[in-house]
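Positions 0 to 158 (numbering that gives the first Met the number 0) are the ones given, in order, by the sequence shown.
Take a look at the structure set out below.
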Amino acid sequence: MNLDNCIMTYTMNSGIKGSVVFSSKQISEWIESYRVGSRYVTTVNRDYFGLNPELVADFKIHNNFSEQRIHLETIPPENSKKDLQLNSTYSKAETITQIECKCGESYIIRSAYKKLKWSCKRCNSIVFLDQKKRLVETKEGMAWYMTNRYYVDRNASGR
Numbered sequence: 000m001n002l003d004n005c006i007m008t009y010t011m012n013s014g015i016k017g018s019v020v021f022s023s024k025q026i027s028e029w030i031e032s033y034r035v036g037s038r039y040v041t042t043v044n045r046d047y048f049g050l051n052p053e054l055v056a057d058f059k060i061h062n063n064f065s066e067q068r069i070h071l072e073t074i075p076p077e078n079s080k081k082d083l084q085l086n087s088t089y090s091k092a093e094t095i096t097q098i099e100c101k102c103g104e105s106y107i108i109r110s111a112y113k114k115l116k117w118s119c120k121r122c123n124s125i126v127f128l129d130q131k132k133r134l135v136e137t138k139e140g141m142a143w144y145m146t147n148r149y150y151v152d153r154n155a156s157g158r
């Protein structure tokens with residue numbers, strides 16, 4: 000099977016779908032990143048493209064004979080209405096995190112990324128994401144929980 004310039008479609012854990020054209024080398028690199036769980040960054044045309052495998056629910060690679068590839072190639076790649084909607088959806092995507100420090104400080108942060116560690120704004124101590132606790136309810140919605148009030152296993156995947 001010839002994988003030169005294949006289209007990869009993917010679905011994020013949030014339900015957002017995307018597609019990207021990869022070379023066969025990029026496909027191999029992405030599959031390895033997905034397998035080991037490391038972030039993948041490459042260039043597509045003249046743009047940088049990054050994808051975190053922990054946030055990807057599934058992906059599919061379409062070869063030259065795939066019906067879906069033919070359909071995807073007929074969609075205009077730039078300035079389409081869906082691209083603008085997708086960009087606005089990504090700009091609105093936020094991760095809410097509840098921070099509780101041993102100094103007594105407790106607050107909520109909003110970020111475009113799920114962080115594994117953070118510094119307390121009051122005492123500058125490092126707090127860690129408690130992945131075993133999963134999401135906690137806060138006044139601003141469901142949030143990830145970071146603390147240094149007790150030992151947090153930083154190798155736990157939480158899955």
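Note that the Cβ used here is the ideal one computed from N, Cα and C, for glycine as well.
Which value, in whole angstroms, describes the spacing of the CA atoms of residue i and residue j?
i	j	result
residue 53	residue 118	23 angstroms
residue 106	residue 97	6 angstroms
residue 11	residue 140	20 angstroms
residue 18	residue 6	7 angstroms
residue 4	residue 59	14 angstroms
residue 61	residue 120	47 angstroms
residue 44	residue 23	14 angstroms
residue 37	residue 101	31 angstroms
residue 194	residue 55	Outside the displayed span of the chain (0 to 158) sits residue 194, for which this structure offers no information.
residue 28	residue 35	11 angstroms
residue 108	residue 51	21 angstroms
residue 178	residue 127	Summary: the structure shown does not reach residue 178, with the chain confined to residues 0 through 158, and so no result is reported for it.
residue 149	residue 122	16 angstroms
residue 174	residue 16	Nothing in the structure corresponds to residue 174, since the chain is present only between 0 and 158.
Can the beta-carbon of residue i be found closer than 8 angstroms to that of residue j?
i	j	result
residue 167	residue 41	Because the chain here runs from 0 to 158, residue 167 falls outside it and cannot be looked at.
residue 49	residue 33	no
residue 112	residue 137	no
Between the Cα of residue i and those of the options, spot the shortest distance and give me the residue it belongs to.
i	options	result
residue 142	153, 58, 99	99
residue 46	20, 60, 111	20
residue 125	104, 132, 110	104
residue 159	123, 153, 121, 35	The requested residue 159 is not part of the displayed model; the chain covers only 0 to 158.
residue 114	27, 135, 144	144
residue 14	44, 28, 57	57
Could you check if residue i is buried or exposed, using at least 16 other CB atoms within 10 Å of its CB as the buried criterion?
i	result
residue 129	buried
residue 147	buried
residue 151	buried
residue 66	Low per-residue confidence applies at residue 66: pLDDT is 49, beneath 50, and the placement is therefore not dependable enough to give any value.
In chain order, what are the residue ranges of uninterrupted alpha helix (DSSP H) at least 4 long that sit wholly in the stretch 93-126? Runs of the alpha helix (DSSP H) lying entirely within the stretch 93-126 and spanning at least 4 residues: none are present.
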